[in-house]
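Residue 111 in UniProt numbering sits at position 111 of the sequence shown, and the numbers go up by one each step. This report concerns only the one structure given below.
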Amino acid sequence: MRKLVFYKLKTLGSPLLANAARWLPRLTFLEFYICDIITTPVITAFANSCPNLLVVKVPGCANVTDEAIIAVATHCRRLRHLDARACSLIGDRAVLQIARNCPDLAHINVGRIGGGDRITYQSISEVARRTKVDTLGLAGCDISDSTVLAIAMHRRSGLERVSFNNCPRITDRAVEALVQYCPRMAVLELKECFCVTDFRLVWRLMQKRVLVELCAAGRQRLEQFQRAELAKIAAAQERPGGAGGGGGGGGAADGESQRRRTGAAAAAAAAAASAAKEPAPTSSA
Numbered sequence: 001m002r003k004l005v006f007y008k009l010k011t012l013g014s015p016l017l018a019n020a021a022r023w024l025p026r027l028t029f030l031e032f033y034i035c036d037i038i039t040t041p042v043i044t045a046f047a048n049s050c051p052n053l054l055v056v057k058v059p060g061c062a063n064v065t066d067e068a069i070i071a072v073a074t075h076c077r078r079l080r081h082l083d084a085r086a087c088s089l090i091g092d093r094a095v096l097q098i099a100r101n102c103p104d105l106a107h108i109n110v111g112r113i114g115g116g117d118r119i120t121y122q123s124i125s126e127v128a129r130r131t132k133v134d135t136l137g138l139a140g141c142d143i144s145d146s147t148v149l150a151i152a153m154h155r156r157s158g159l160e161r162v163s164f165n166n167c168p169r170i171t172d173r174a175v176e177a178l179v180q181y182c183p184r185m186a187v188l189e190l191k192e193c194f195c196v197t198d199f200r201l202v203w204r205l206m207q208k209r210v211l212v213e214l215c216a217a218g219r220q221r222l223e224q225f226q227r228a229e230l231a232k233i234a235a236a237q238e239r240p241g242g243a244g245g246g247g248g249g250g251g252a253a254d255g256e257s258q259r260r261r262t263g264a265a266a267a268a269a270a271a272a273a274s275a276a277k278e279p280a281p282t283s284s285a
């Protein structure tokens, strides 16, 4: 057997699961989805017995601790995917060991509602520096602009999907770093990031076909920015020498440039409307 998945497990005892692990040495995919009965000894038993694990998912397993993930990092060094959403007992100590021992890691999600102060720059900067991570879920974690800058500078074109939902310390500097260093960004989640105020940066990302997920307040502020930009362009076109003016060759060139900006603004507005209807990406916490 190579894949084992349990969904909202409530009855099977932890000792039985821990004993079963030793019969599954070829296992590469292990998932416990919202299984409150799963504790650190169970994950440790699988880590000890299944060194070929590539994917470990424990979303919503509230009793899984740092020791469980440290066991995975110690014994499963080919790990590529760790989903530990809503596991508020997991913190920097475990994530640091993942960063140091699992260089092929491509996906890590430690987003959470509680315990955000357990995940900080200390571990996430090491994940960015030491692994091949392209998908990073940090919703609700205690990260700031310095963390995002480390991610952007270390991962650069390797970064594709990031969730910073409910990270209130993130500001425009973080978004600017992503614009500058991460040309292959495909999804950026910024819900409840109220210190992000320069929506020109968000607009630039959307023009690059990045799906930017915003909360209702963020979408409203983006739409206000877009309306203001469209109004500026319209006013410029009405001035002598604009798109409708007779200012010679220069006026024609200026008019063409303004038409392009108008088209870009309209496209961005359409993209924002479309993004508001898109389902949330799986990287969310």
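No residue lacks a Cβ here, since even glycine has one placed at the ideal position from N, Cα and C.
DSSP places D172 in no beta strand (DSSP E) but in the uninterrupted alpha helix (DSSP H) bounded by 172-181. For P51, the closest C-alpha among the options E31, H75, P59 is that of H75.
Counting of Cβ neighbours within 10 angstroms places A231 among the exposed residues, the total staying below 16. Pairing A150 with N165, the inter-Cα distance amounts to about 18 Å. One alpha carbon belongs to V148, the other to G111, and they sit about 15 Å apart. Linking K3 to A71 through their CA atoms gives a straight-line distance of about 19 Å. Within the same chain, Cβ atoms closer than 6 Å to the Cβ of T65 are found at T40, L89, the five residues on either side in sequence being excluded. Apart from sequence neighbours up to five positions away, the residues of its chain that approach L205 with a beta-carbon distance below 8 Å are V175, L178, V179, M185, L188, V212, ordered along the chain. The Cβ atoms of I119 and G137 lie no closer than 8 Å to each other. In terms of Cα proximity to H154, the closest of C167, I124, C195 is I124. In the DSSP secondary-structure assignment, K8 is not bridged to any residue.
Here K57 carries a strand assignment [DSSP, helix/strand/coil].
An exposed status is given to V5, since fewer than 16 other beta-carbon atoms sit within 10 Å of its beta-carbon. In this structure, A106 sits near D134, with a CB-CB distance shorter than 8 Å. Assignment of S125 by DSSP, reduced to helix, strand and coil, places it in the helix class. At a Cβ-Cβ threshold of 8 Å, A18 and G60 do not count as neighbours.
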